[in-house]
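Student: Its first residue numbered 516, the sequence shown is counted upward by one per residue in the working numbering.
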Amino acid sequence: MTGLFITFEGGDGSGKSTQSALLTEWLTAQGHTVVHSREPGGTDLGVELREIILHRRGYIAPRAEALLYAADRAHNIATKVRPAIERGDIVIQDRYLDSSVAYQGAGRVLDATEVRDISLWATEGLLPDLTVLLDLSAENGRERIAATRDVYDRLEAEKNDFHERVRNSFLALAEAEPGRFIVLDATDPIETIAAAIQTRVVALLA
Ligand code: TYD
């Protein structure tokens with residue numbers, strides 16, 4: 516018996532956590548066992564790493580940042596996600612290796628293939644069955660974040676051109692793997708997006 520691994524990706528403010536919570540609720544109501552996770556911070560170790568990565572004052576070298584995300588990912592996959600998939604559960608996760616390719620690769624300007632390879636090593640090659648990309652412009656993302664809080668983490672504090680590179684990288688990743696990705700307009704109404712995701716997941720479960 517093997518379960519499913521579904522990830523949500525997109526820029527800051529794109530509504531990933533809202534949509535992953537809705538999908539979790541919907542699948543649970545249908546009797547599925549759903550495990551929710553997120554990166555960074557899906558495990559106890561991950562919570563500590565998240566604090567360092569996002570809130571440490573002062574500079575973190577780009578390669579160190581990439582390895583911290585990869586360390587969080589390795590532990591999350593080994594101790595939480597893979598055991599759940601092997602039990603036959605559905606794992607729904609906010610962010611995964613595509614975030615590293617987009618943020619550390621395109622954003623911090625590290626080599627995208629190298630960044631991806633580090634994550635594949637960290638996770639023993641685990642790829643999601645489905646990745647939902649919620650596409651949003653950097654400008655719209657910034658407006659949404661500004662509306663909900665006044666303290667930005669290290670990544671959110673980056674300028675618009677950083678976030679535009681991240682967005683374009685996500686779109687390129689989706690184009691390269693159309694079988695794995697579904698790309699949705701994050702400015703659509705919440706229910707419209709949720710319905711499109713459900714349609715795709717129904718097809719996956721069939
Ligand atoms: P997230 O938890 O989505 O932020 P929030 O809960 O505040 O909405 O992600 C935290 C930040 O980490 C986000 O700006 C994207 C960044 N990130 C990377 O740069 N690389 C990665 O591999 C991951 C997983 C996240």
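Idealized CB from N, CA, C, for every residue including glycine.
Note that the coordinates shown come from a computational prediction; the quantities given were computed from them, not determined experimentally.
Using only alpha-carbon positions, find the residue among E554, H590, Q545 and G546 that is nearest to S532.
Tutor: Taking the sequence shown and counting its residues from 1, one reaches residue 532 at position 17. Comparing Cα positions, the closest option is E554.
Student: Put L608 into one of helix, strand or coil per three-state DSSP.
Tutor: One-based indexing of the sequence shown puts residue 608 at position 93. Note that residue 608 is Gln in the sequence shown here, rather than Leu. Q608 falls in the strand class under three-state DSSP.
Student: Run through DSSP, which three-state label would D626 get?
Tutor: Counting from 1 along the sequence shown, the entry for residue 626 is found at position 111. Three-state DSSP puts D626 in coil, outside helix and strand.
Student: Assuming L612 contacts R597 under a Cβ cut-off of 8 angstroms, what Cβ separation, rounded to an integer in Å, is found between them?
Tutor: Residue 612 sits at position 97 when you count from the first residue of the sequence shown. Residue 597 sits at position 82 when you count from the first residue of the sequence shown. That pair is no contact at about 14 angstroms.
Student: Taking DSSP as the reference, what is the three-state secondary structure of S614?
Tutor: As a working mapping, residue 614 is identified with position 99 in the sequence shown. Residue state, collapsed to three classes: helix.
Student: Please give me, in chain order, every unbroken run of the alpha helix (DSSP H) with length at least 4 that falls completely inside the stretch 574-607.
Tutor: List check, alpha helix (DSSP H) in window: 577-591 and 597-602.
Student: Would you say K531 touches ligand 1, meaning its beta carbon is less than 8 angstroms from a heavy atom?
Tutor: In the sequence shown, residue 531 corresponds to position 16, counting from 1. K531 Cβ: within cutoff of ligand 1.
Student: Using DSSP's beta-bridge definition, name the partner residues of F696.
Tutor: Position 181 of the sequence shown holds residue 696. BP columns for F696 point to T646.
Student: Which stretch, first to last residue, makes up the beta strand (DSSP E) that contains L564?
Tutor: Residue mapping note: residue 564 aligns to position 49 of the sequence shown, counting from 1. Here L564 belongs to no beta strand (DSSP E); instead the alpha helix (DSSP H) covers D559 to H570.
Student: Specify, as a first and last residue, the run of the beta strand (DSSP E) that V550 falls within.
Tutor: Locating residue 550 in the sequence shown gives position 35, where the first residue counts as 1. Residues V549 to R553.
Student: Run the CB neighbour count on L519, radius 10 Å, all protein chains shown included, and call it buried at 16 or more, exposed below.
Tutor: In the sequence shown, residue 519 corresponds to position 4, counting from 1. The residue in question, L519, is buried, as its Cβ has 16 or more Cβ neighbours within 10 Å.
Student: Exposed or buried, which one is A689 when buried takes at least 16 other CB atoms within 10 Å?
Tutor: What you label residue 689 is simply residue 174 of the sequence shown in a count that begins at 1. A689 is buried by the Cβ-count criterion.
Student: Under 8 angstroms: does the beta carbon of R680 sit that close to some heavy atom of ligand 1?
Tutor: Here residue 680 refers to the residue found at position 165 of the sequence shown. Incorrect: R680 has no Cβ contact closer than 8 angstroms to ligand 1.
Student: Is the distance from the Cβ of D703 to the Cβ of I521 below 9 angstroms?
Tutor: In the sequence shown, the residue the question calls residue 703 occupies position 188. In the sequence shown, the residue the question calls residue 521 occupies position 6. Cβ distance not < 9 angstroms, so D703 and I521 don't count as in contact.
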